[in-house]
Structure formats: C-alpha cells, structure tokens
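Working notes, beginning with the structure itself.
Number of protein chains: 2
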Amino acid sequence: MPSYTAPVKDQMFVLNDLLKVGEADIPGYEDLDRETLEAILEESGKVARDVTAPLNVVGDTEGCVLENGVVRTPKGFKEAFDAVREGGWTALDCDPEYGGQGLPYVVATAVGEQFSAANMAFNMYQGLTHGAYSAIHAHGTDDQKQTYLPKMVTCEWTGTMNLTEPHCGTDLGLMRTKAEPQADGSYKVTGQKIFISAGDHDMSENVIHLVLAKIPGGPEGIKGVSLFIVPKFIVEDGQPGARNAVSVGKIEEKMGIHGNSTCVMNYDGATGYLLGEEHKGMRAMFTMMNEARLGVGLQGYAQSEVAYQNALAYAKDRLQGRDVTGAKNPDGPADPLIVHPDIRRNLMDQKSFNEGARAFTYWGAQMIDRAHRNDDAKAMGLISLLTPVIKGFLTDKGFEMATAAQQVYGGHGYIEEWGMSQFARDARIAMIYEGANGVQALDLVGRKLAQDGGKHVMAFFAMVTDFIKETKGRSDAFDAGFREPLKAASKDLQAAGMFFMQNGMKNPNAALSGSYDFMHLFGHVCLGLMWAKMAVAAEDRLAAGDGDAEFLNAKLATGRYYMARQLPMTATHLKRIESGADPVMALDADHF
Amino acid sequence: MPSYTAPVKDQMFVLNDLLKVGEADIPGYEDLDRETLEAILEESGKVARDVTAPLNVVGDTEGCVLENGVVRTPKGFKEAFDAVREGGWTALDCDPEYGGQGLPYVVATAVGEQFSAANMAFNMYQGLTHGAYSAIHAHGTDDQKQTYLPKMVTCEWTGTMNLTEPHCGTDLGLMRTKAEPQADGSYKVTGQKIFISAGDHDMSENVIHLVLAKIPGGPEGIKGVSLFIVPKFIVEDGQPGARNAVSVGKIEEKMGIHGNSTCVMNYDGATGYLLGEEHKGMRAMFTMMNEARLGVGLQGYAQSEVAYQNALAYAKDRLQGRDVTGAKNPDGPADPLIVHPDIRRNLMDQKSFNEGARAFTYWGAQMIDRAHRNDDAKAMGLISLLTPVIKGFLTDKGFEMATAAQQVYGGHGYIEEWGMSQFARDARIAMIYEGANGVQALDLVGRKLAQDGGKHVMAFFAMVTDFIKETKGRSDAFDAGFREPLKAASKDLQAAGMFFMQNGMKNPNAALSGSYDFMHLFGHVCLGLMWAKMAVAAEDRLAAGDGDAEFLNAKLATGRYYMARQLPMTATHLKRIESGADPVMALDADHF
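So the protein sequences, as listed, match chains A and B. Mind the numbering: the first sequence is residues 59 to 650 in my numbering, read in order. Mind the numbering: the second sequence is residues 59 to 650 in my numbering, read in order.
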C-alpha cells in the first residue's frame, strides 16, 4: 500500500528561502510569516496523509458507478470530503465576502500540491468547483454571486466545466450545444457534453455546471459561444429545489483517475443562466485559464512526487544485488537497491525534477498573486507566457517520472498491488485535459511569444540575463555547477526564439514544427533558473550558518544533478527546432 | 475499436532490400525468395488481423479468471489459439525433427511482430512456449526432447519460465525454491514463483513449467541454481497423466496484458526433472536469452506500430482546427488533424522509430541465424553485445511512442473505448520483464562492452566506420541527410566508450552512472545506421527505376526525419555520461 507524506520542509524552503513570501510586496503576503505558513502546511499535510491518501487505491479499484441515474463515489469518499470541507481546506484563497479565507493563491497552491499528490481523483472534485467558483466570481452578477458562491466556497455545492462535445474538444467553434432564450431571461440548454470531470456524484447537495453553448442566431464559430450556469437542482430561496433537465448519460471507463466521475452529460432543455456577456463565453472561460492550467501542471509533478516517495522507500528497503564497489549491507543477503548507480540516476531524475517543478509552480502562483493583488501587468504578461510551459512541460515530465518511479519496483511496479501503476495512469490525464500538451505548445509559439510585441518573452530573457550578471564571480563552484549551465541553456532558448523570428513569418510551419521542442526547451530553462536561484538561497543560508546544513547541502547536490544531467536536453531541442519544417512536413498525408 | 494491418510492404523492404535475405550466405535462407516470404507474411498477417487482433480489447476487458483452481482465458481465446496452432504459426522456426518447419529465425521474427502487434497478451502464450521449447531443445536429453518437444512445437502443450520469487527477481542468487533428489532420479520441487506469464490456462492439454531451483547442499548463491522441467500433468506414455503438485496461487492484477494469465505458482513437492546439468541452471536459461530479449524488444516496437496505425487513421479522420497556411478541407467544418505540424511531428516520431526498430530487430534476428546456422562467432559476439540495446532501447521507445500515439486522440485516448490506453499499458511491461531495462544497461556496460577484450564493440565500430567510408561521395543529399548525422552520432558513441575506458577502471560508478544513457546512445546509433542503410537501399532501387517510387521516397523522407530529429539525442546522452559519477552518487541514501 503506497503512502504519502507532505514534503513540508521542501515546500517551506521554496516559500521562505526562494520566494521570500513574507517579505514580498504583495497585499496579503504580509501575514505569511514562517510560523503561520508552516502551521498551515503541517495541518493540511496531515489531512492529505491520513484522510485522503488512504483512499487513493480505493478510488482506483472501486471507481465511480452510475446506478439508476445516480453516481456513487467510492467507499469513504463522502466522509473524507466532509472532513476536507469542514477543515476549511476548500476555502483557502476564496473571497472573504463569500466565506473564503482570502489567503494568497500561492498558499492554496502549496496546499493543493499536497491534496493532489495524496489523491488526485478525489482532489478534482474540489478543483473543478474552484474553477467554477472563479468564473462566477469574475463574471457573475451580484445576485449570481450571492446565490452560488457561498455554497461553492465550502463545496456544499460542487462545480463542473462543460466544454468538450463528442466531435470537438480543441476546436470549440464546432460546438453544437444550443441555448435558447426564454421570456424570463433564462435559457433552455440542449446538447451533449463529454469528459465532464466530477460531472455528478453523491458528495454534495447540488452540482453547478458551467456550460458553453451557442445562442441561435449568434456569430458563427468560436465567436458565438456563451457561458451558462446550469444547476443540477434549480436554486430556490437559496436551497436546491426542482430537478433540472440535466442527466448523466454514462461514466467513462478511463486509464486512471477512476475515483473521479468523468461523465457524459445530457442537457435536454435544461434551465441555464447566462454568465457574463452573450457570445463572450470563451473570454469568460479563459479568465481563469492561467490558474486552471497551473493547477494541472501541479498535478503532473504532484504525481511524480508521491511516486518518488514510494520508489525511494522501496529502493532503501528492497535487497537485491551488491554494490559494485563493495557490499554496503555485508551482514544481509544483499544490498538495498539504492546502492546501484542506475537506481540512483533514476531517483535523482525524479527528485531534481520534483523540487525544480515545485519552485517553478509556486513562483508562477506568486506571479498570479502579483498580477491580481498588485494589478501588475508585467507579472500578468509573464505568467501568461509561461502558463503553457508550466502545464505542458510539468505534466509531460511528471508522467515520465511517475513511470520512472514505477520502474524502480521492477515487476512489482506493474502489478496493481503496490500502487505504482496508478500514479502513472493518473498522471497521464494531465498531459491531455485543460488543453492537450500539443495545444499548449501551439499557444506558446503561435500566440504567447509574439503577444504585446514580444515584450513578455523579452522580460523573461532579461530576468535570466540579470540573474546571470548578478551572480557573476559568486564562486567557482556556483559558476561551474549552476551559472554556466544556465547560461548555455538560455543561449539555446534565445537561439530557438531567433530561429522562429527569422523563419516563422515566411513559413509558420517552420515555427510550429518546433513548438513542442520549444515548450520543453523553455521548461528546462525555467527549471534551470529555479535551481540556480535555489542554489543561491541555499548557499546564503549555509554561509550564514543558518538552517539545516544537511538539507541545504542535499539541495545543492540535487540542483547540480539537474544542471549536469537534465539541462543539457536544451541542445537537442534546439537542434530539432533548427531542422525546421522540412523533416516534419515532407510527407503527403497519403504517404504516412 | 482499434484495428491492425500487417505492414507487409515495409517488412518485405527490410527483408529483401535491406537484408537481402534471399542472397545471404546462411543455410536455409536460400529458400527465402521474395514470393515465398511475401506469401508467408500475407497469410500470417491475415490471421493476425482477422483472428487475434479482434480479441485484443476482449482480453484487456475480461482478463483471466481463476475459478476453483482453474484459469479461464477470455472469450474467444481458445478458438483463436486453435486457429493459430492449426495454421502452423507456432512451428515456424522449430526443428523439423520435432514437427517444426525449420524456417530461419528471421522469418519467425517477422511473423512474430505481426502477432505481437495484433494481440500481445495472446501471443505470449506461444512466445513463452517457444522459450521453453528452445531450452529443452538445447539442453534436454533425447528422451526429454522426444517427450516434450513435438507437443510444444504445436502448442498442444504450452510452456512457462519460472525465475522470480517474491523476494528476488534480478538477484536470483537469493532464490529459495528447492529441488530434492529422489531415488528414481527425479526431484521434488518446493517453493513459490511469481509473475509467471501464461502460468496456467484452459487452452492446452498440459503446461510444461521450466523452474529454477536449488538442490540442497549445492553451491551458495547463483552458482547453485539448477533448471527443472515440471509438467502440470506428469507425462505417461506420451500423454498427460497424473496431476502434479503445482497449483496457481492467484492471478495478478496488472496494469496491462490482462489477456495473459500472470500467475503466482506454488510448487508443493512437485515432481521435476533436471534439465541440463546440476547447478548450471542459469547457463541453461541464458542460452536462449538473446532470442528471448530480442523478442521483448520486438514487443516494444510492435505496440508502437499498432498504436501508430490507429493514431494515423484518427489523425486523417478527425476534423479539428484549420491548417495555419490555409484550409485543406475548405468544404468541411474543419481540417483533419494531420494538417497540424505538431500532430505530424508526433506521427513522424512514431513512424521513423517503428521502421528503424523493425530494421534493427530483423537485422539482429539475421545475426542470430548467422550465429546458429553458420556457427559464426563474430555474429554471436555482435548480437550478444547488442541484445541489451535491442531489449532496453526498443521497449523504452516503444512505450514512449505508444503513449505519443495515445496523445493524438486527446481525451479519447484516455478513455478505454478507443483502445489506445491498452497499447500503452501493454507496452509498459516490456520495459520490465526479461530483465528490467536498468539491468540491460548494466549488462551492456558492465559486461558486454569488455567481453572478449572489447572485440565485439570494436567490430560494431568497424561496421559503422566501413559503412561511412563506403558511402563517401555518394551524393550531397545522402551526405547531408544520412552520412554526416550518422558520423556525428557514432563519434558521440565512441567518445562515451572512451570515457568509460578512461574512468570506469578506477571508478566503476563513473561508468555505471552513465549506463542507461549509453544504452540509449547506442540504440540511436544503431537505428541511425539502419536508416542510412535503408536509404542506400531505397536510393538504389529508385535509381534502378525499380519498385514503388512513392513508397521509396516516403522511406527516404522518414529516414531524414529520424536523422534530423531523433539522432541528435546522442549529444545529450554523451553530455550526461561525461558528467560522470559525481552528480549521481553525491547524496547519502539518507539525504534523498
């Protein structure tokens, strides 16, 4: 049976030593002193470890069942959901006006990592609700906000996002679901939506569906899409009343996240209420996209983190073979797996990715806080640019690392008994939903790079260049271990950007053929930057004789690993990018 | 519902144009004229497509069930197994003395690819039998061969390989199963074996288990392991007689290959017969290791092949978005996925890998034929060297590519309905069994490189260097597209070998830390070599005005893709290798 322990020490290192949240000039951050933060993370970590993690395998094994139109969640889910709700864990960064705690997003992100690692499928019920909450909070009328938000903050009512239809996912302009205006100002929504996470279940009194649909007579394609609130039970006097004409067609059989009910939802003239403006549904949906996509990136490395924790424990416990340089456990029948260099290589890949990804994600969450709480356009530009990188790179690598962790177990990793297969199967979805990773790459190269005249990518380059300048002459060890590798990687990134500029205008395919590699190249540079910054923070604390020297030295060694063994991927990504469109586009479709 | 079509045209290109099997100076190859080969592959391809492929999803969904000690295979498996058996497909390369057809191994490999792609779990019943057949054929007494082989050639009796125990897989020296000599020359075998593929089932009259066990009083560790034949039913007068004391403890729940019964086998004083010499069980087991591991490498790319076929069909069919350079399907609501550069990038990754892997595997099979049929020590040395590369590299990449194919489907790839998840889940096991890939890397770097004074790796380098010399001045296009990239990649491989020589003696961890990267580096060079050789073959046929020009031009374009976009990975692998032991070994186990 796998287990999960919240990595509070490492989370605190990122929040305090890297991001220095207590000192950041962001409204609400002034309360984030070390003790408060640590108390929150210790407490949420306990709930994750003791309440939701033990249900992870249960959720995978039992799955969700549709019986007589009612979705039943796995045994224990309802009680756990009550416990999470009652602990206030669903309300952390919600608006105090509606019962939230008003904490910064960066805190919700750190707590979210724990819950996502402990039980991804379970945590999605809250995650989807938070997304729907954000949309109503940003675009709802006062009345809508008063009606729905207080109940959604507590997850007494949960939420869903309905975008995909059987024939369209990425290309939502093809959507067929329609919303017909009624005399009372409401709409009748008719159509079928698929892949609706947390679409229905038995853990809340009501489900508030946000549904994209077209109002007849509106503009063609994506410009004619509006967003609607469609409650499972129509709200009357603040209480769930009459059953709406929305039903579950079926629950999908999936590769993983079995604990979450992924539903086909049928809307048969269901009563809906316009959210935001007519035909501006995509815009409304996309206001919270940065957060939603960051949340999915987080799922990627969170699965890698929990998989790593278990693989590490197994590698220390399982005796197999001997250290080639001499027995390390001479009195035992064999040495533990962790003595073997290739097992270490595998574990260090995971560890150095997880810690770098954590830093990158929290840093991104802080940018979102800065954008929202300081109304900082530069921060908004930067996080918009990097959102596809966080989502695409962290979920690709997260799955790769969960798979690598599974490998440590040998045959025991393939059977379901040890739970390692589930981490990989669950992690797999994060590469797909909330915009498949190829679409993230397209967003990055086709849209974000050139946004606002390219000033956000310039700001990113400036940030890296400034850091490299600032750290000049710091020490030979820092230079060799961190500064030089970062410099080389960022040069590769700039060269790739230059290639796109020189070739993308005359042939868009020359840029788009390299988009996926560019997303990964960018991700490596971001993690390289985070590692170099963490190295500075660790060195500074060591120099001050302050903090846990073993932890800080391990941090530095882990960073050196990333810089020496992961970051060099940038050269190969650049080489692929510079090969341009020809290799990719040469074949006619018929000759594949 | 996914489908499979045997890629006979491409298989024939490899066999005829690349390997020129009809002209090869290997006994038995003289009968492999184009017509005969094509007839075999067309016929087996039909069986794979029509008989076994349709049962792939069935096997995954139903799995195998243990009821009252009896294993029931999925619906339709028995009838299909009868059809495969009756078609003679289990006997292709078996010894005519025992009812086999005596065809070269290369033919069995090409047919095996089809059956493995069509239904991997199903094909394993035959595959394990073939492994057991080979062991008995190589090490059995005349009596043992007469007793078991004719029935195993036809798969009327199937076979298994019993190595792993709960506490030991890689490190078989820790084995506890014991075999006590009896007065009649037989042994009583007692112990538990796990992960026994095709361990028991309802498709054959008997199951012939090959079991590794220790004879009490023998040498400690791996040197005291012997191999035994333990039939499910004791054979009496050529017929299955009394039930032996071997039983199925349970069937494992696994991530994939559900159609194969992976059993816990309990031996409770079961009657066994020594196969080969006392205490030489590992040697006996390992005589067929090259074939077995090549067979698993084949499974890796076979799953990638069938996944690719389905992803390609979906990419041509699914309409989503518009070609950025102008609509390709202006009358439809959107363009097919295949117009998008990143979808093509993904498909070309798969296609160029599959075709390169096919060439490499058949080339390896031909080496095995040369080693066995010509008693060619050089060929034997070369295939021993490359076996861990075939196994490790092709299964890692095969899984990666099956996952990539799944990605083409977006959300539809994650639900089980479309079958893409199964390809990835099934492919995953090939990275683990028959020696986990980390063990393959260890075998390559720790054993094979230095074997016989390093002469096999020297022979490989000479082969590449000779090819580069021979093709000098061929054409500018060949130079730029194939020769130069191969030269650069092989230089990286040589540099890595040099690094190991210079550092591995004084610090074995410096070599072993880079073993996994070396295996991949080597794999890329092998596929690069195969692609360059295929390019020569394709160019020659085009120049001769001979053959299907569209096919040959597509082959060249696919090769150029591999050389331009996959082969550059060698530089990153080299960089990692040259970072040596420090990054990998720096942390104490307690500081992970």
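All C-beta atoms, glycine included, are put in the ideal place defined by N, C-alpha and C.
**Report entry** Close Cβ partners of Thr218 (chain A) (< 6 Å) along its chain, the five nearest in sequence each way excluded
**Finding:** Spatial neighbours of Thr218 (chain A) in its own chain (CB-CB distance under 6 Å, excluding positions within 5 residues in sequence) are listed in chain order as Leu186, Ile254, Ala256, Gly257, His267.
Query - Whole-number beta carbon distance between Gln357 (chain A) and Ser174 (chain A), since they are thought to touch under 8 Å - result: Contact holds; Cβ gap of about 5 Å.
**Report entry** Gly114 (chain B) versus B:Met438, B:Gln159, B:Asn181, residue with shortest Cα-Cα distance
**Finding:** Looking at the sequence shown, residue 114 (chain B) is not Gly but Asn. Considering only alpha carbons, the answer is B:Asn181.
Requested in this report: Per DSSP, which residues does Asp326 (chain A) bridge with? Please list them.
Outcome: Residue pairing for Asp326 (chain A): DSSP places it in a beta bridge opposite A:Thr248.
Query raised in the report: Which residue comes first and which comes last in the alpha helix (DSSP H) that contains Ser284 (chain B)?
Result: Judged by DSSP secondary structure, Ser284 (chain B) falls outside any alpha helix (DSSP H) and instead within the beta strand (DSSP E) spanning 283-289.
Query raised in the report: Per DSSP, which one or two residues make a beta bridge with Arg130 (chain A)?
Result: As computed with DSSP, Arg130 (chain A) is found in a beta bridge with A:Val123.
**Report entry** Continuous alpha helix (DSSP H) stretch holding Gln240 (chain A): start and end
**Finding:** Careful: Gln240 (chain A) lies outside any alpha helix (DSSP H) and carries neither H nor E.
Requested in this report: Please check if any C-beta of chain B sits within less than 9 Å of the C-beta of Val354 (chain A).
Outcome: Taking Cβ atoms only, chain B never reaches closer than 9 Å to Val354 (chain A), which makes this a no.
Query - Length of the line joining the Cα atoms of Gln250 (chain B) and Ile292 (chain B) - result: So the two alpha carbons sit approximately 19 Å from each other.
Requested in this report: Under 6 Å Cβ to Cβ from Ala360 (chain A), same chain only, skipping five residues before and after it: list those, please.
Outcome: Annotation for Ala360 (chain A): Glu171, Ser174, Ala175 place their beta carbon closer than 6 Å to its own, counting only its chain and skipping 5 residues before and after.
Requested in this report: For Asn567 (chain A), return the contacting residues in chain B, with the cut-off set at a CB-CB distance below 8 Å.
Outcome: Within chain B, the residues near Asn567 (chain A) are Val382, Thr383, Pro399.
Query raised in the report: Using a C-beta cutoff of 9 Å, does Gly504 (chain B) count as contacting chain A?
Result: Cβ-Cβ to chain A under 9 Å: yes for Gly504 (chain B).
Query raised in the report: Once you ignore the five residues that flank Leu507 (chain B) on each side, which residues in its own chain have a CB closer than 6 Å to its CB?
Result: Within the same chain, Leu507 (chain B) has close Cβ partners Val515.
**Report entry** Enclosing alpha helix (DSSP H) for Lys136 (chain B) [first to last residue]
**Finding:** From DSSP, the alpha helix (DSSP H) with Lys136 (chain B) extends over 135-144.
Requested in this report: Report the partner residues of Trp421 (chain A) according to the DSSP bridge assignment.
Outcome: Beta-bridge pairing links Trp421 (chain A) to no other residue.
**Report entry** Exposed unless 16 or more other CB atoms sit within 10 angstroms - verdict on Phe557 (chain A)
**Finding:** Buried.
**Report entry** Exposed unless 16 or more other CB atoms sit within 10 angstroms - verdict on Ser637 (chain B)
**Finding:** For Ser637 (chain B), the number of other beta carbons within 10 angstroms of its own is at least 16, and it is reported as buried.
Query raised in the report: Between which two residues does the beta strand (DSSP E) carrying Arg301 (chain B) extend?
Result: From DSSP, the beta strand (DSSP E) with Arg301 (chain B) extends over 297-301.
Query raised in the report: If you count every other CB in all the chains shown that lies within 10 Å of the CB of Gly511 (chain A), and 16 or more means buried, which is it?
Result: Around the CB of Gly511 (chain A), fewer than 16 other CB atoms lie within 10 Å, so the residue is classed as exposed.
Requested in this report: Please compile the residues from chain A whose C-beta is within a distance smaller than 7 Å of the C-beta of Gly276 (chain B).
Outcome: Correct list: empty, because the minimum Cβ distance to chain A is about 17 Å.
Query raised in the report: Just the Cα atoms here: how many angstroms apart are His649 (chain A) and Asp153 (chain B)?
Result: If you take the alpha carbons of His649 (chain A) and Asp153 (chain B), they lie about 40 Å apart.
Requested in this report: Determine, using beta carbons only, whether Asp393 (chain B) and Arg380 (chain B) come nearer to each other than 9 Å.
Outcome: One thing to note: Asp393 (chain B) has its Cβ within 9 Å of the Cβ of Arg380 (chain B).
Requested in this report: Let me know if Val367 (chain A) comes out buried or exposed under the rule of 16 or more other beta-carbons within 10 Å of its beta-carbon.
Outcome: Just to set this straight, residue 367 (chain A) is Gln in the shown sequence, not Val. Per the 10 Å Cβ criterion, buried.
Report task. For Asn126 (chain A), count neighbouring Cβ atoms within 10 angstroms of its own Cβ and tell me buried if that reaches 16, exposed if not. Result -> By the 10 Å Cβ count, Asn126 (chain A) comes out exposed.
Query - Among A:Ala179, A:Thr119, A:Gly121, A:Gln184, nearest to Thr148 (chain A) - alpha-carbon criterion - result: Comparing Cα positions, the closest option is A:Gln184.
Report task. Whole angstroms is fine: what's the gap from Gly231 (chain A)'s alpha carbon to Met340 (chain A)'s? Result -> If I take the Cα positions, the gap works out to 10 Å.
Query raised in the report: Under 9 Å, do Thr216 (chain A) and Val265 (chain A) count as touching if we go by C-beta distance?
Result: Yes, Cβ-Cβ distance for Thr216 (chain A) and Val265 (chain A) is below 9 Å.
Report task. Compare the beta carbon distance of Arg431 (chain B) and Gly80 (chain B) with 9 Å and say whether it is the shorter of the two. Result -> No, these two residues do not count as a Cβ contact at 9 Å.
Report task. Starting from the N-terminal side, write out each stretch of the alpha helix (DSSP H) that is 4 residues or longer and does not extend beyond the stretch 477-547 of chain A. Result -> If we require 4 residues or more, the alpha helix (DSSP H) runs fully inside the stretch 477-547 of chain A come out as 478-488, 495-501, 509-528.
Report task. Would you verify that the beta carbon of Cys226 (chain B) is, or is not, closer than 9 Å to some beta carbon of chain A? Result -> With a threshold of 9 Å between beta carbons, Cys226 (chain B) makes contact with chain A.
**Report entry** Any 3 or more C-beta pairs closer than 8 Å across the stretch 132-142 of chain A and the stretch 335-351 of chain A
**Finding:** Counting Cβ pairs under 8 Å, fewer than three are found: no touch.
Report task. Tell whether a beta-carbon distance below 9 Å holds between Ala179 (chain B) and Gly314 (chain B). Result -> Yes; because the gap between Cβ atoms is below 9 Å, this pair is in contact.
**Report entry** Burial state of Phe344 (chain B), where buried means 16 or more other Cβ atoms lie within 10 Å
**Finding:** With fewer than 16 other beta carbons inside 10 angstroms of its own, Phe344 (chain B) counts as exposed.
Requested in this report: Report yes or no: is there a C-beta of chain B within less than 9 Å of the C-beta of Tyr62 (chain A)?
Outcome: Answer no: the Cβ-Cβ gap between Tyr62 (chain A) and chain B never drops below 9 Å.
Requested in this report: Can you pull the chain A residues whose beta carbon is under 7 Å from the beta carbon of Glu310 (chain B), in chain order?
Outcome: Within chain A, the residues Ile473 have their CB atoms less than 7 Å from the CB of Glu310 (chain B), given in chain order.
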